[in-house]
Amino acid sequence: MTRRRVAALLSLLIVGVLVPLSGEAQRAPVILATTTSTQDSGLLDVLVPMFEKQTGYSVKTIAVGTGQSLALAGRGEADVALCHAPTLETKYIDDGKLLNRRLVMYNDFVIIGPAADPARIKGMKASDAMKAIGTGGSRFVSRGDNSGTHNVEKALWKLAGIEPRGEWYIESGQGMGGTLGIADDRSAYTITDRATFLAFQRRVRLPILVEGDRPLLNIYSVLEVNPANGPRVNTAGGKAFADFMVAPETQRVIKTLGVEKFGQPLFVPVAGMNEAEVGAKK
Amino acid sequence: MDLLVEGVRQAFGLLASGDAEIRAILWLSLLVSSTSTAVALVIGVPAGVVLALGRFPGRQLLISAVNAGMGLPPVVVGLFVSILLWRSGPLGVLEILYTPVAIVLAQAVIASPIVTGITVAAVQNVPEAFRLQLVALGASRAQMVWVVLREARLPMLAAIMAGFGAVISEIGASLMVGGNIKGQTRTLTTAMVLETSKGNFDAAIALAVLLLVLIFLVNWGLTVVQQRRAP
C-alpha cells in the first residue's frame with residue numbers, strides 16, 4: 282500500500298468511528314444498570330426503544346447481574362437500576378446510595394431437577410425442598426455470582442438451615458443460561474427464573490419440581506441514584522426512566538410480553554403495589 | 673449436529689438477507705478492530721524500532737515487559753480501562769465509557785505490545801551489516817529506519833495480522849468497556865455470548881461463522897499484499 286492510501290484508509294476509519302457517536306440524541310444518555318434476565322428475556326428490546334421515543338433520551342443498557350448493577354449505581358456509574366434482589370436493594374436504600382425504590386413487575390423462580398428426583402422434592406415448599414437436597418447431598422448447581430437469582434438461593438438455604446458446602450454443591454459462576462446447561466449436563470437440581478427456563482426449554486430436559494411458593498417470588502424494582510454519588514449522575518434521565526417503568530402504558534406492554542412466543546406472559550406488572558400485596562396475589 | 677447445520681445455514685441466510693442489525697454488528701466489529709490495530713501500529717512500530725535499534729539502560733527490561741505484554745489478558749485490560757473511564761475515574765470527564773471509542777482504546781492497549789514485540793523481532797532480524805552499509809552509503813537515520821522496515825515487511829505484516837487477530841477475537845475487554853449495548857457497542861463476539869446466554873444457539877453459531885469468515889477475509893487480503901511483495 283502507498284502511504285497515501287494508508288492515510289486515506291486511516292482517516293476513513295476515524296471518521297467511521299466518530300460519526301455514529303455524534304448522531305446521539307441531544308439529551309445526555311441514561312445509563313441503565315440491570316440484570317441479565319431483563320435483557321435475555323427480550324423485555325428491554327421492547328421497552329428501551331419505547332422510552333427513547335417518548336422522552337428523547339438515549340439509553341445505554343448495561344446488563345450485568347443484580348450484584349454488579351447495584352454496585353455500579355451505588356457508585357454513581359449508572360443513572361438508574363432495574364434489579365430483582367429486594368434484600369440487597371433495601372441495603373442500598375438504607376445506606377442512602379439509591380433512592381425511591383418502586384416495584385415494577387414480578388415473575389417467579391422454579392426449582393428444577395432430574396426427573397428421577399433423588400431428593401424427592403416434587404411438590405414441596407421451597408425451603409423444605411432445599412433442605413432435602415442439602416441433607417441428602419444431591420447435586421445442586423448454584424450461580425455463585427451474587428446475582429438476583431443467587432441471592433434468592435442464598436435466602437432459601439438460610440430458611441432451610443443449610444450451609445451449602447461439599448462436593449454436591451457446584452458453583453458455576455455463570456449466567457442463568459450457562460448454569461442451566463451445567464445442571465442439565467450433571468443431572469443436578471438448580472433454581473432458575475421462569476423466563477430463562479422457558480427460553481431454554483429446547484435444550485434443558487430437567488422438569489419443574491417446585492413452584493408457586495411465596496419465597497420463590499421474583500420481584501423487580503426500579504431504583505434511582507442519589508445525585509450525591511457522583512458529579513456526573515444523570516438524575517433527571519434516571520428519574521424519567523424509573524417513572525416510565527411504572528407508567529400505565531409501559532405496564533400494559535409488560536403484561537403482553539412473551540405471550541406470543543411462550544404461550545404465557547414472562548412478567549406480571551405490579552406498579553403501585555407493595556411487597557405484601559404482590560405475595561397475596563399468588 | 674443438526675444444530676450446527678442449522679446455525680451455518682442461518683449464517684448464510686443472515687448474510688444474504690442483509691439483516692440490518694447483523695450488518696451493523698459486522699461493520700462495527702471490523703471498524704473498531706481495524707482502528708485499534710491502526711492505533712497499535714502508530715504506537716507499536718516506532719516503539720519497536722526504538723527498542724530494537726536503541727541502546728539505553730533498561731532496554732532489556734522494557735523488551736521483556738513488551739514480550740510479556742503480548743499475552744496481556746483482555747479481561748485485565750477491560751477491568752483497568754473501565755475503572756479509568758468510570759465517571760469517578762481519572763478519565764471520567766471524557767465520558768467515553770460504553771462507546772465504540774472505549775473499545776478502540778482497550779483493544780489498542782491489547783494490540784500495541786503485540787505489534788511492538790513483533791516489530792522488535794522483525795527489525796533485529798535484519799542483519800546489522802545491512803544497517804551499517806546503509807549508514808556508510810550516507811543514509812540519514814530516518815532513511816535507514818525506513819529501508820530496514822521495508823526489508824522487514826513480511827514479519828511486519830505478520831504483526832498486523834497478529835494484532836488484528838487478537839482484538840477481533842477478544843471478548844473480555846469489549847464486554848466490559850463497551851457494555852454490549854444493542855445498536856451501539858455490540859460486536860460479533862459480545863453478541864455471540866449474549867445469544868448463547870439467551871439459549872439461541874443457532875444464532876450464536878451463525879455469528880461464529882460470520883466472525884470466522886471475517887477474520888479469514890481480512891487475513892486473506894493481508895496475505896495477498898504480503899506474498900505479492902515477497903522477494
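Listed in order, the protein sequences are those of chains A and B.
Counting in my numbering, the first sequence runs without a single skipped number right up to 563 at its last residue.
Counting in my numbering, the second sequence runs without a single skipped number right up to 903 at its last residue.
Positions of the beta carbon are idealized from the N, C-alpha and C atoms, including for glycine.
Cβ neighbours of residue i in the same chain (closer than 8 Å, five flanking residues each side left out)
i	result
B/S701	I840, T859, L860, T861, L883 and L886
B/I877	L675, L676, E678, G679, V680, Q682 and A683
A/T371	R382
B/V795	G720, V721, A724, L725, V820, L821 and A824
B/E633	Residue 633 of chain B lies beyond the range of chain B shown here (673 to 903); nothing can be said about it.
A/V247	Within the shown structure, residues of chain A are numbered from 282 to 563, placing residue 247 of chain A beyond reach of any answer.
CB of residue i within 8 Å of CB of residue j, strictly
i	j	result
A/Q532	A/A552	yes
A/S428	A/T316	yes
A/M405	A/I443	no
A/S322	A/A464	no
A/G337	A/R308	yes
B/A831	B/V819	no
B/G750	B/A863	no
A/R609	A/H431	Any answer about residue 609 of chain A is impossible in this case: the structure gives chain A only from 282 up to 563.
A/L379	A/E505	yes
B/V738	B/P785	yes
A/R566	A/V527	What is shown of chain A runs 282 to 563, which leaves residue 566 of chain A out entirely.
A/C364	A/S502	yes
A/F481	A/L461	yes
B/R825	B/M816	no
B/L723	B/L734	yes
A/I414	A/Y373	no
A/I535	B/Y770	no
A/A359	A/I402	no
Status (buried if at least 16 other CB within 10 Å, exposed otherwise) for residue i
i	result
B/V747	exposed
B/G685	exposed
B/L676	exposed
A/M331	exposed
B/V717	buried
A/E541	exposed
A/K341	buried
B/E870	In the sequence as displayed, the identity of residue 870 of chain B is Lys instead of Glu. Buried: at least 16 other Cβ atoms inside 10 Å.
A/G355	buried
A/P512	exposed
A/F522	buried
A/F525	buried
A/E530	exposed
A/N510	buried
B/R695	exposed
A/D376	exposed
B/E800	exposed
B/G850	buried
B/V807	exposed
Closest Cα partner of residue i within the set the options
i	options	result
B/V787	B/L829, B/V817 and B/L725	B/L829
A/E492	A/D474, A/L369, A/N432 and A/E452	A/D474
B/L725	B/I694, B/L821 and B/E678	B/L821
A/F390	A/T460, A/G539, A/K334 and A/I489	A/I489
A/F548	A/I374, A/L324, A/P310 and A/R446	A/L324
A/L437	A/N499, A/N381, A/E448 and A/D466	A/N499
A/P508	A/L440, A/G357, A/I312 and A/S350	A/G357
A/F478	A/V503, A/S453, A/I392 and A/G346	A/I392
A/E448	A/V361, A/G418 and A/P399	A/G418
B/N872	A/D376, A/G459 and A/T471	A/G459
A/N515	A/Q320, A/V361, A/L440 and A/R401	A/V361
B/G855	A/S339, A/Q335 and A/T319	A/S339
A/I451	A/Y387, A/L369 and A/E434	A/E434
B/I697	B/W892, B/I853, B/S736 and B/N891	B/I853
B/L866	A/R483, A/I472, A/V485 and A/Q455	A/Q455
Residues near residue i by beta carbon distance below 6 Å, same chain, minus five either side
i	result
A/D494	K406 and A407
B/T707	V776
B/I755	G761
Same chain only: Cβ atoms within 7 Å of residue i, ignoring 5 sequence neighbours per side
i	result
A/P395	S468 and L487
B/D874	L675, E678, G679 and Q682
B/S705	Q779, F836, V839 and I840
B/I768	L757 and A774
B/I790	P827, A830, A831 and A834
B/V896	none
B/L894	L829, I832 and M833
A/D398	L490
Problem - Residues of the region 869-894 of chain B whose Cβ lies closer than 9 Å to any Cβ of chain A, in chain order - result: Listed by position, the residues of the region 869-894 of chain B near chain A (Cβ gap below 9 Å) are S869, K870, G871, N872 and F873.
Practice task
Could you please tell me which residues of the region 806-825 of chain B, in chain order, have their CB closer than 9 Å to any CB of chain A?
Solution key: Residues: none.
Handout entry: Residues in the region 480-507 of chain A having any Cβ partner in chain B nearer than 9 Å
Key = Residues A480, F481, Q482, R483, R484 and V485.
Problem - Contact list for the region 365-381 of chain A against chain B, Cβ threshold 8 Å - result: Residues: none.
Problem - Under 7 Å (Cβ pairs) to chain A, residues found in the region 749-763 of chain B - result: Correct list: W758, R759 and S760.
Exercise for the section: Residues of the region 336-360 of chain A with a CB closer than 8 Å to any CB of chain B: list them in chain order, please. Expected result: Shown in chain order are the members of the region 336-360 of chain A whose Cβ falls below 8 Å from a Cβ of chain B: K341, T342, I343, A344, R356, G357 and E358.
Problem - Cβ-based contacts, 8 Å cut-off: residues of the region 833-854 of chain B near chain A - result: From the region 833-854 of chain B, only G851, N852, I853 and K854 have a Cβ closer than 8 Å to chain A.
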